[in-house]
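Novice:
2 protein chains.
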Amino acid sequence: MSDKHLSTQFDAELSGISTRVLEMGGLVEAQVAQAIYALTNFSGETASQVIAQEERVNQMEVEIDRDLSTIIARRQPTARDLRLLIAISKTIGNLERVGDEAARIARTVQRLINTGVSSRMRLPVADVSFEATLATEQLRKTLDAFARLDVKKAVEVLKQDNQIDQEFDGLMRKLITYMMEDPRTISASIDLVFVAKAIERVGDHAKNLAEQIIYIVKGTDVRHIPMESVESVLK
Amino acid sequence: MSDKHLSTQFDAELSGISTRVLEMGGLVEAQVAQAIYALTNFSGETASQVIAQEERVNQMEVEIDRDLSTIIARRQPTARDLRLLIAISKTIGNLERVGDEAARIARTVQRLINTGVSSRMRLPVADVSFEATLATEQLRKTLDAFARLDVKKAVEVLKQDNQIDQEFDGLMRKLITYMMEDPRTISASIDLVFVAKAIERVGDHAKNLAEQIIYIVKGTDVRHIPMESVESVLK
Chain P
1 MSDKHLSTQF DAELSGISTR VLEMGGLVEA QVAQAIYALT NFSGETASQV IAQEERVNQM
61 EVEIDRDLST IIARRQPTAR DLRLLIAISK TIGNLERVGD EAARIARTVQ RLINTGVSSR
121 MRLPVADVSF EATLATEQLR KTLDAFARLD VKKAVEVLKQ DNQIDQEFDG LMRKLITYMM
181 EDPRTISASI DLVFVAKAIE RVGDHAKNLA EQIIYIVKGT DVRHIPMESV ESVLK
Chain Z
1001 MSDKHLSTQF DAELSGISTR VLEMGGLVEA QVAQAIYALT NFSGETASQV IAQEERVNQM
1061 EVEIDRDLST IIARRQPTAR DLRLLIAISK TIGNLERVGD EAARIARTVQ RLINTGVSSR
1121 MRLPVADVSF EATLATEQLR KTLDAFARLD VKKAVEVLKQ DNQIDQEFDG LMRKLITYMM
1181 EDPRTISASI DLVFVAKAIE RVGDHAKNLA EQIIYIVKGT DVRHIPMESV ESVLK
């Protein structure tokens, strides 16, 4: 319905914005991966790099949002294009929150290093790292789905979200046992609890992004539809 | 600049939406207060009520978002009005997340009751309750600021956010001591750790809302500006 409206100029602007959203997505994805690398290797240097990138991500969010507003104001887009532009605005808000989680993890790593905990005790960081792999895979899949506006892939992301939740629950049980066996590890373990939570949130943000992709392509708001009904709603 | 554009019809639609945003805000504010009541009194009934309201809040988000899209598509609003409409869309996203945090707290209360923990041990719920009072006050202040588009009040909210963070940090130290003194309390204490975190997030959402109000009124994006510079930027 909006083909007539889609001037070449508007298309070019939109494609420029999409490229930058993907660039921002790639950046926060790398931030998460680096934050986990910093954790498993107790690398203060990598943690500092992750924190340093936070400002760049924030800046990208502000810039893309400003450009979106300019496009909307100037182009008077149709309903369909508007849906896309507003969804992009929500998308970058989500990506920025992923960057926040990565920075949170990195700050925790710095604290574990500074308090000497990382050299004093063997923390179960490998399990956290597995949860993180699941979450970054979800994030990557979502960014691929965004690049190709691929609804099928977005639905896959929605379906797999509970894997991360299960991993998180298992991790909590493990950490609680670890703390009970040696109460001296409690303080450091609580830090890992928050890292695990941050990773779970990355998964949640990936899920939100997937929902926005579905909204962009199909115009259907699946945010609060139970997973088992999503596919039939989209038929 | 947009006075000419603001038809009476558009004004009426906008005012209708604002009323519903405030209604949604009141609902999630009550949800948080009830979730904390459920915690401090270990009331399973109140916890169930909070969880039951989650769907209503979700529904409101979807409905208001749909109406916003309709208004934008039909009215072709000016840049200033658009800024308002997009900010409202982000606002309700934030309110929905507050509702999520309340439901999370309520589910934790249910678990504490179902596992018999609440009757077996004296958990330090009073401290959590104090943090919650700070967060709900911030939320209330933000909704007031939204109702009157009061930038001064919104800036106050930004300034007070670190109070909740400090309270959260103190609470963490207290819970860690509590767990170390009696490792049998670890599992239940981790639940309280997440409740405390959920409350801190409510404070964060209030802060985000305050930033959106400033953006609506001033057109200045203060999301990533350091607190000490915000007031001078708004002058």
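Protein chains in written order, with my numbering: chain P, 1 to 235; chain Z, 1001 to 1235. Glycine is no exception: its CB is placed at the ideal position from the N, C-alpha and C atoms.
Nearest-angstrom Cα distance between leucine 6 of chain P and leucine 14 of chain P?
Specialist: Position 6 of the first sequence, counted from the first residue, corresponds to residue 6 of chain P. Position 14 of the first sequence, counted from the first residue, corresponds to residue 14 of chain P. Confidence is the limiting factor: at leucine 6 of chain P the pLDDT is only 49, short of 50, which leaves the residue's position unreliable, though a coordinate-based value still follows. Whole-angstrom Cα-Cα distance: 10 angstroms.
Novice: With H, G and I counted as helix, E and B as strand and the rest as coil, what does DSSP make of proline 124 of chain P?
Specialist: Start at 1 with the first residue of the first sequence, and residue 124 of chain P comes out as number 124. Coil, per DSSP.
Novice: Is the distance from the Cβ of glutamate 1029 of chain Z to the Cβ of leucine 1143 of chain Z below 8 angstroms?
Specialist: Your numbering for residue 1029 of chain Z matches position 29 in the second sequence. Your numbering for residue 1143 of chain Z matches position 143 in the second sequence. For glutamate 1029 of chain Z and leucine 1143 of chain Z, yes; Cβs fall inside 8 angstroms.
Novice: Give me the Cα-Cα distance between alanine 1103 of chain Z and alanine 73 of chain P, rounded to the nearest whole angstrom.
Specialist: Within the second sequence, residue 1103 of chain Z is the residue found at index 103, counting from 1. Within the first sequence, residue 73 of chain P is the residue found at index 73, counting from 1. Computed Cα separation, rounded: 38 angstroms.
Novice: Output the distance between the C-alpha atoms of methionine 1121 of chain Z and glutamate 1167 of chain Z, rounded to the nearest integer angstrom.
Specialist: Your numbering for residue 1121 of chain Z matches position 121 in the second sequence. Your numbering for residue 1167 of chain Z matches position 167 in the second sequence. Methionine 1121 of chain Z and glutamate 1167 of chain Z: Cα-Cα distance of roughly 23 angstroms.
Novice: Pick helix, strand or coil for methionine 1 of chain P, following the three-state DSSP scheme.
Specialist: As a working note, residue 1 of chain P is residue 1 in the first sequence. For methionine 1 of chain P, the pLDDT reaches just 43, beneath the cut-off of 50, and the residue's location in the model is therefore unreliable, leaving the point undetermined.
Novice: Return the residue from the list Z:Leu1209, Z:Arg1107, Z:Val1109 that minimises the CA-CA distance to aspartate 1150 of chain Z.
Specialist: Residue 1150 of chain Z sits at position 150 when you count from the first residue of the second sequence. Closest by alpha carbon: Z:Leu1209.
Novice: Here's a check: name, in chain order, each residue in its chain whose Cβ is nearer than 6 angstroms to the Cβ of valine 1109 of chain Z, leaving out the five neighbours to either side.
Specialist: The residue you call residue 1109 of chain Z lines up with position 109 of the second sequence. Around valine 1109 of chain Z: Ala1038, Leu1039, Ala1047.
Novice: Quick check on the DSSP output: the alpha helix (DSSP H) that includes isoleucine 216 of chain P runs from which residue to which?
Specialist: Residue 216 of chain P sits at position 216 when you count from the first residue of the first sequence. Unbroken alpha helix (DSSP H) run through isoleucine 216 of chain P: 186-218.
Novice: Rounded to the nearest angstrom, what separates glutamate 211 of chain P and valine 222 of chain P at their Cα positions?
Specialist: Taking the first residue of the first sequence as position 1, residue 211 of chain P is located at position 211. Taking the first residue of the first sequence as position 1, residue 222 of chain P is located at position 222. Going by the C-alpha atoms only, they are around 6 angstroms apart.
Novice: If serine 89 of chain P and aspartate 65 of chain P are in contact, beta carbons under 8 angstroms, what's the gap, nearest whole angstrom?
Specialist: Stepping through the first sequence from its first residue, residue 89 of chain P is reached at position 89. Stepping through the first sequence from its first residue, residue 65 of chain P is reached at position 65. Between aspartate 65 of chain P and serine 89 of chain P the Cβ distance is about 6 angstroms, and since that is below 8 angstroms, they are a contact.
Novice: Taking serine 1089 of chain Z as the query, report the chain P residues whose CB atoms sit under 7 angstroms from its CB, ordered along the chain.
Specialist: Indexing the second sequence from 1 puts residue 1089 of chain Z at position 89. Ile86, listed in chain order.
Novice: Closest by CA to threonine 1136 of chain Z, which one among Z:Val1125, Z:Leu1123, Z:Val1021, Z:Val1157?
Specialist: Position 136 of the second sequence, counted from the first residue, corresponds to residue 1136 of chain Z. Comparing Cα positions, the closest option is Z:Val1157.
Novice: Would leucine 1095 of chain Z count as contacting chain P if we go by Cβ distances under 8 angstroms?
Specialist: On the second sequence, position 95 is the one that residue 1095 of chain Z refers to. No - not a single Cβ of chain P is within 8 angstroms of the one on leucine 1095 of chain Z.
Novice: Can you give me the Cβ contacts of leucine 84 of chain P inside the same chain, cut-off strictly under 6 angstroms, excluding the 5 residues immediately before and after it?
Specialist: Start at 1 with the first residue of the first sequence, and residue 84 of chain P comes out as number 84. These residues qualify, in order along the chain: Ile216.
Novice: Do valine 1050 of chain Z and glutamine 1031 of chain Z have their C-beta atoms closer together than 8 angstroms?
Specialist: Locating residue 1050 of chain Z in the second sequence gives position 50, where the first residue counts as 1. Locating residue 1031 of chain Z in the second sequence gives position 31, where the first residue counts as 1. Contact: yes.
Novice: Below 8 angstroms, how does it come out for the stretch 93-100 of chain P and the stretch 184-197 of chain P: are there three or more Cβ pairs, yes or no?
Specialist: Short answer: they don't touch.
Novice: Could you check what DSSP says for lysine 235 of chain P in three-state terms: helix, strand or coil?
Specialist: Locating residue 235 of chain P in the first sequence gives position 235, counting from the first residue. Coil, per DSSP.
Novice: With respect to the alpha helix (DSSP H) encompassing threonine 1040 of chain Z, which residues constitute its N-terminal and C-terminal limits?
Specialist: Within the second sequence, the letter at position 40 stands for residue 1040 of chain Z. 1008-1040 is the extent of the alpha helix (DSSP H) around threonine 1040 of chain Z.
Novice: Within 10 angstroms of its Cβ, does serine 101 of chain P collect 16 or more other Cβ (buried), or is it exposed?
Specialist: One-based indexing of the first sequence puts residue 101 of chain P at position 101. Rather than serine, the amino acid found at residue 101 of chain P in this sequence is glutamate. Classification of glutamate 101 of chain P: buried, given that the 10 Å Cβ count is 16 or more.
Novice: So, with DSSP's three-state summary, where would you put serine 43 of chain P?
Specialist: Position 43 of the first sequence, counting from 1, holds the residue named residue 43 of chain P. Three-state result, serine 43 of chain P: coil.
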